[in-house]
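J.: Chains as they are written, first to last, in the UniProt record's numbering: chain E, 1 to 421; chain S, 1 to 196.
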């Protein structure tokens, strides 16, 4: 009911929105294209070719006949240009901040260039603020509190039941009910596709990670065992309550480092066919929903069926990405609850198994490619951990190696040339 | 993250457009990138550049980053390094890489000189106007890896050979004891393009 209400308001604003869009961003189309494609006109960027090809081109074009000092100096141009290209635009750093929108959705938070355009737009924006903070937010907060409270209380009560079968079936119902309340609390409008591929017992469900809300969205439609670190405070209380009624896997911080222990616990859980499928996010961190980054291979080493799931949020209704370096969990939840809505699509992909002769990394990449293809996301090989860590020197050494090989090739030719003099 | 963020309005962009030759939309794109790299701060520091993974792969990344913090590239006739740069300085350095627009022949020459000056400054790390053997060797070291095929001596040899060639072209007469100071900018131009 609430969601229909929100939808109606949004449709009303849509008319104004299109007008605002065209006024606000004269030439925005050009700008946004430049944001996602190599910046034309700022520097002349060529399509990516191999190091050898580029160097040959560069040397061939130099006019002076003298070959020795010149080719070293000219080679600098190549690396210099490559370096500045990456400063200008690279695939990775832009994944760790929110996506920019083509047209404004009346939320100041999603617009980096807010200027006063007209009185009409400001009035509409003001109305939007009133609606969002005055009507939607209180309702949602109430729902959220109810949902979490019920979850904690009921699961704790369930823990006292002696009969295991009864406890199990009741726990499923309770979990589903509470998650549904939480979903209503966020006004999440979720479309599930291909439900026949829903994860079954004894498997692992993997998905791309944008926000902690991913968990609620998936748990809305089925029961999963969560995997994660033990937290303190409110999260810790919820975790302890949940584990009383169904088998979730919470790790102590010290155990996380011990990969074998982790793998063993996961394997044991998966081997028991009565237990629910495990939900894992192999990226290890939140990415901004425009791309899928490297999947850590740990979850793919366990011998069982993997059920990939792709989640894609519609950025026009609210920005779902949790930028953990910018704001904490509570502020993030409040932001979510004061957006228009959380609209997303969930695709259940057909189950995959590790093939003969395929190692964990290749399997992980295969799954990642399938998820990226379904969700319309960019498939990147970079590690999401780069959000916080620096790139290893090994990559720089690889480039140096490549260049040395090219030089060596030239060196042989030059030696021959010298001998002839 | 207040309700309304300040952004350079049109007049400031116009000013920057005059100085650098970028169009307003290009300046806007660069400004977005500047803010993204600097986490919405007013200035960029060297650390901000270090967080770009693609750049980290580049063998001469430290030279490229230094180039952004080198006053000689700000077109204000200054010298020496700075610790942080503002958007205007960022634009100035970027403008060295601007694709040349179809212009008169003389302008094209001066544009070419400017771009080469940028590369020259990248080699000349102590700001004395000449590239000495040491500086040149340092750049080659960065480019090559320390694998066994190409030992440290090979890098030295390449650098020495290069310097000898330059010396022989630029100084017709050289006494056996005379010490070759280094490549000046004029020599650099001559070597690369065989012209005045």
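We put the beta carbon where it would ideally sit given N, CA and C, even for glycine.
Please classify residue 44/S: does DSSP put it in a helix, a strand, or coil?
T.: Residue 44/S: strand per DSSP, three-state reduction.
J.: Taking just the CA atoms, how far does residue 399/E sit from residue 370/E?
T.: Cα to Cα, the separation comes out at about 30 Å.
J.: Cβ of residue 82/S less than 8 Å from any chain E Cβ?
T.: Closer than 8 Å: no.
J.: Using beta carbons (cut-off 8 Å, strictly below), is residue 84/E in contact with chain S?
T.: So, interface residue.
J.: Less than 7 Å separating the Cβ of residue 171/E from some heavy atom of the ligand COA?
T.: Among the components of this structure there are no ligands whatsoever, and the ligand COA is therefore not found.
J.: Just to confirm the assignment, what range does the alpha helix (DSSP H) spanning residue 245/E have?
T.: Run containing residue 245/E: 233-245, per the alpha helix (DSSP H) assignment.
J.: Any C-beta of chain E sitting closer than 8 Å to the C-beta of residue 133/S?
T.: It does not; no Cβ of chain E falls within 8 Å.
J.: Please confirm if the region 291-308 of chain E is in contact with the region 340-354 of chain E, defined as three or more CB-CB distances below 8 Å between the two stretches.
T.: With the cut-off at 8 Å, the region 291-308 of chain E and the region 340-354 of chain E touch.
J.: Can you pull the chain E residues whose beta carbon is under 8 Å from the beta carbon of residue 58/S, in chain order?
T.: Those within 8 Å of residue 58/S in chain E are 79, 82, 83, 86, 396, 399.
J.: Is any beta-carbon of chain S found at less than 8 Å from that of residue 92/E?
T.: Taking Cβ atoms only, chain S reaches closer than 8 Å to residue 92/E, which makes this a yes.
J.: Enumerate, from N- to C-terminal direction, the unbroken beta strand (DSSP E) stretches of 3 or more residues contained entirely within the region 158-222 of chain E.
T.: Taking only runs of at least 3 residues, the beta strand (DSSP E) segments lying wholly in the region 158-222 of chain E are 188-193, 204-207.
J.: Once you ignore the five residues that flank residue 345/E on each side, which residues in its own chain have a CB closer than 7 Å to its CB?
T.: Result list for residue 345/E: 191, 193, 312, in chain order.
J.: For the 8 Å Cβ check, are there 3 or more pairs between the region 35-43 of chain S and the region 109-117 of chain S?
T.: Touching, no, given that fewer than three Cβ pairs across the two stretches are closer than 8 Å.
J.: Of all Cβ atoms in chain S, is any one closer than 8 Å to the Cβ of residue 97/E?
T.: Residue 97/E counts as touching chain S.
J.: Buried or exposed, going by whether 16 or more other CB atoms sit within 10 Å of the CB of residue 383/E?
T.: Buried, because 16 or more other Cβ atoms sit within 10 Å of the Cβ of residue 383/E.
J.: Could you give the residue range of the beta strand (DSSP E) that holds residue 250/E?
T.: Counting along the chain, the beta strand (DSSP E) containing residue 250/E begins and ends at 249-251.
J.: Can you say whether residue 145/E is buried or exposed, counting buried as having 16 or more other CB atoms within 10 angstroms of its CB?
T.: Burial call: exposed.
J.: Restricting to Cα atoms, I'd like to know which of 290/E, 279/E, 123/E, 186/E is closest to residue 202/E.
T.: Nearest of 290/E, 279/E, 123/E, 186/E to residue 202/E, Cα basis: 279/E.
J.: With a threshold of 8 Å between beta carbons, is residue 127/E in contact with chain S?
T.: Not one chain S Cβ lies under 8 Å of residue 127/E.
J.: Using 8 Å as the limit for Cβ to Cβ distance, is residue 53/S near chain E?
T.: It does; some Cβ of chain E falls within 8 Å.
J.: Mind checking if residue 108/S is an interface residue toward chain E, Cβ cutoff 8 Å exclusive?
T.: No, residue 108/S lies away from the interface with chain E (no Cβ there is under 8 Å from its Cβ).
J.: Against residue 76/E, what residues of chain S qualify as contacts under a CB-to-CB distance less than 9 Å, listed in chain order?
T.: 60, 63, 119, 122, 123, 139, 143, listed in chain order.
J.: Just how far apart, CA to CA, sit residue 11/S and residue 17/S?
T.: Using only the alpha carbons, I get a separation of about 10 Å.
J.: Report buried or exposed for residue 208/E, applying the criterion of at least 16 other Cβ atoms within 10 angstroms of its Cβ.
T.: Looking at its Cβ environment, which holds 16 or more other Cβ atoms inside 10 Å, residue 208/E is buried.
J.: Does the CB of residue 386/E have a neighbour CB from chain S at under 8 Å?
T.: Answer yes: the Cβ-Cβ gap between residue 386/E and chain S drops below 8 Å somewhere.
J.: Give the secondary structure of residue 224/E by DSSP, where H, G and I count as helix, E and B as strand, and everything else as coil.
T.: Looking at residue 224/E - three-state DSSP - the assignment turns out to be coil, as it is neither helix nor strand.
J.: Taking the alpha helix (DSSP H) that residue 332/E belongs to, which residues open and close that run?
T.: Per DSSP, residue 332/E belongs to the alpha helix (DSSP H) from 329-337.
J.: Just the C-alpha distance for residue 153/S and residue 75/S, rounded to the nearest angstrom, thanks.
T.: When rounded, the distance between both Cα atoms is 38 Å.
J.: Taking 8 Å as the threshold (beta carbon to beta carbon), is residue 332/E in contact with chain S?
T.: Output row for residue 332/E: interface = no.
J.: Give me the residue from 341/E, 147/E, 136/E, 252/E with the minimum Cα distance to residue 229/E.
T.: Residue 229/E has its Cα closest to that of 252/E, out of 341/E, 147/E, 136/E, 252/E.
J.: Pair every Cβ in the region 49-57 of chain S with every Cβ in the region 85-102 of chain E, then say whether three or more of these pairs are closer than 8 Å.
T.: Yes: at least three Cβ pairs fall under 8 Å.
J.: Please classify residue 394/E as buried or exposed, where buried requires at least 16 other C-beta atoms within 10 Å of its C-beta.
T.: Flag for residue 394/E reads exposed.
J.: Give me the Cα-Cα distance between residue 14/S and residue 35/S, rounded to the nearest whole angstrom.
T.: So the alpha carbons of these two residues sit roughly 19 Å apart.
J.: With 8 Å set as the bound, which would you pick, yes or no: does the beta-carbon of residue 403/E sit closer than that to a beta-carbon of chain S?
T.: Residue 403/E counts as touching chain S.
J.: Taking CB distances under 8 Å as the criterion, tell me whether residue 33/S reaches chain E.
T.: Yes, because at least one Cβ of chain E sits closer than 8 Å to the Cβ of residue 33/S.
J.: Within the 8 Å Cβ cut-off, does residue 197/S reach chain E?
T.: The question about residue 197/S has no answer here: the residues shown for chain S are numbered 1 through 196.
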